[in-house]
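A quick write-up on the structure given underneath.
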Amino acid sequence: MARLPAIKQSQMDDRQKQVYDVIATGPRGSVRGPLAVWLHRADFADKAQALGRYCRYDSSLAPRLSELAILTTARIWDATFEWQAHLMHALDAGLHPNVIDSLSADKLPMFAAEDEELVYEFTRELNIKRYVSDELYERAILILGKAGTVDLVGILGYYALISMTIKAFDVDPIPVDKGED
């Protein structure tokens, strides 16, 4: 059980209900995991979900690259909830299953595309070393452009926040449907 469980709608104040409705009626379709934790501070939840909405749905990066950055970040942080939440999105966005399998095993994936290799390297370097080398930065600008590089850093920051929330509040993994017994 999560350290800070979701607030029941019947116990929410007006501001929490307002933010809950914005999230639930948006492209996510539900309020769960880290977003449910954030509702304990409605204004924080509102602003964080707006950033997340941009990072997830309005970024200049192709969804395949965004999902690669998200899964790589989730793996670095061992954020099971986020990994499970984005696994199917990554497949649907065109990320190769072999890349996903390598990420899951914490192995270096074999990339067919230069932009995927760059996003993976950039994500790992910034998350693990806490900086980006000049060479990698220049490659990012060349391959992703200025807007894409800014959006990539935004995605990484947002999903580090998501991962920190998952780890700090011990957010349970998404239950796996095992079908009928």
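When we follow this note's numbering, the leftmost residue of the sequence shown carries the number 715, and every step to the right adds one. Note that CB positions come from ideal geometry on N, CA and C, so glycine has one too. As the structure is a computational prediction, the values presented were derived from the model and not from experiment.
Would you list, in sequence order, the uninterrupted alpha helix (DSSP H) runs of no fewer than 4 residues that lie entirely inside the region 797-879? 811-818 and 828-838
Do the CB positions of Leu-866 and Ala-783 come within less than 9 Å of each other? yes
If I measure Cβ to Cβ from Cys-769 and keep anything under 7 Å in the same chain, skipping five residues before and after, which residues do I get? Gly-868, Ile-869 and Tyr-872
Near Ser-877, what residues of its chain come up, given a Cβ to Cβ distance below 7 Å and the 5 sequence neighbours on each side ignored? Thr-787, Ala-788, Trp-791, Ala-793 and Glu-796
Segment contact, 8 Å Cβ cut-off, at least three pairs: the region 721-738 with the region 750-759: yes
Could you give the residue range of the alpha helix (DSSP H) that holds Tyr-734? 728-738
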